[in-house]
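Numbering (our numbering), first residue to last: 2 to 243. Worksheet: one structure, shown below.
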């Protein structure tokens, strides 16, 4: 056990080992508690990535509300990566598509990749007794490519599962007219998130003010409409008179 610990936390392997431990804890917290963790920042950032690349919907970090659930369910969609077929894809767009970071929940694929990279590095450095020397670092970097190949092979069977799961998820629920609580500030074209209770079970949806008027976090909202072809809902402020 001591020898195994020395290998896992050797100079070559420690970074991936620690990252993998963090990811395991992350998934345990997500699955067992279902708690929505908010990270508080004092800055307001609108994420506006290259026009050829959007992550599902426009994202805003207003007063720093980022939930673990948001990250684990975040999906980079194929149609968002390839918006204009007349343009050549950038190398990183090709990589995202090819290695299944597109079309699957990002954290799912990312975790699979880190585990594959960690396993290959630990196994080979242990086999060659190089976990404590410079040759081990060469193995560390070289293992990135085969780990991505393993990730592509290992995650491909999950594509149909997540595709069918998504179809049976929020899209199959009629949310028009439902009342919820806004979890981020929204105004103008800014997209935020709201928590809607469906038979006492809360779900998170992305929302935008229907008329552009500001709506603050923790205020009640009512869903008026859905943006066609997108998981984005138009909402307005709701006065709860009860």
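Even glycine gets a Cβ: it sits at the ideal position worked out from N, Cα and C. Note that the structure is a prediction, hence the values are computed from the model and not measured.
When rounded, the separation of the alpha-carbon atoms in residue 205 and residue 105 is 18 Å. Judged by beta-carbon spacing, residue 176 lies within the 8 Å limit of residue 234, meaning their Cβ atoms are closer than that value.
In this structure, DSSP gives residue 137 a helical state, which the three-state scheme calls helix. For residue 235, the enclosing beta strand (DSSP E) covers residues 233-238.
Going by DSSP, residue 15 is part of no beta strand (DSSP E) but of the alpha helix (DSSP H) stretching over 15-33. DSSP links residue 217 through a beta bridge to no other residue. Burial state of residue 33 is exposed, judged by a 10 Å Cβ sphere holding fewer than 16 other Cβ atoms.
Nearest neighbour of residue 147 by Cα position, chosen from 136, 133, 114, turns out to be 114. Remark: three or more beta-carbon pairs, one from each stretch, lie closer than 8 Å, so the stretch 16-32 and the stretch 114-124 are flagged as touching. In terms of Cβ geometry, residue 178 and residue 13 do not form a close pair [threshold 8 Å].
A straight-line Cα-Cα distance of about 10 Å links residue 237 and residue 208. A check of alpha carbon separations from residue 216 across 229, 228, 195 identifies 195 as the nearest.
The three-state reading of DSSP puts residue 207 in strand, counting E and B together. Leaving aside the five residues that flank residue 214 on each side, the residues in its chain whose CB is nearer than 8 Å to its CB run, in chain order, 188, 237, 238.
Of the candidates 24, 232, 222, 160, 222 places its Cα closest to the Cα of residue 241. Contact between residue 110 and residue 156 holds, since their C-beta atoms are separated by about 5 Å, short of 8 Å. Residue pairing for residue 195: DSSP places it in a beta bridge opposite 183, 206.
Selection 26, 91, 158, 212 evaluated against residue 101 yields 158 as nearest (Cα-Cα). In this structure, the CA atom of residue 129 is about 50 Å from the CA atom of residue 232.
Using a 10 angstroms sphere on the CB of residue 119, the tally of other CB atoms reaches 16 or more, which defines it as buried. In this structure, residue 122 and residue 140 form a Cβ contact; the two beta carbons are roughly 6 Å apart against a cut-off of 8 Å.
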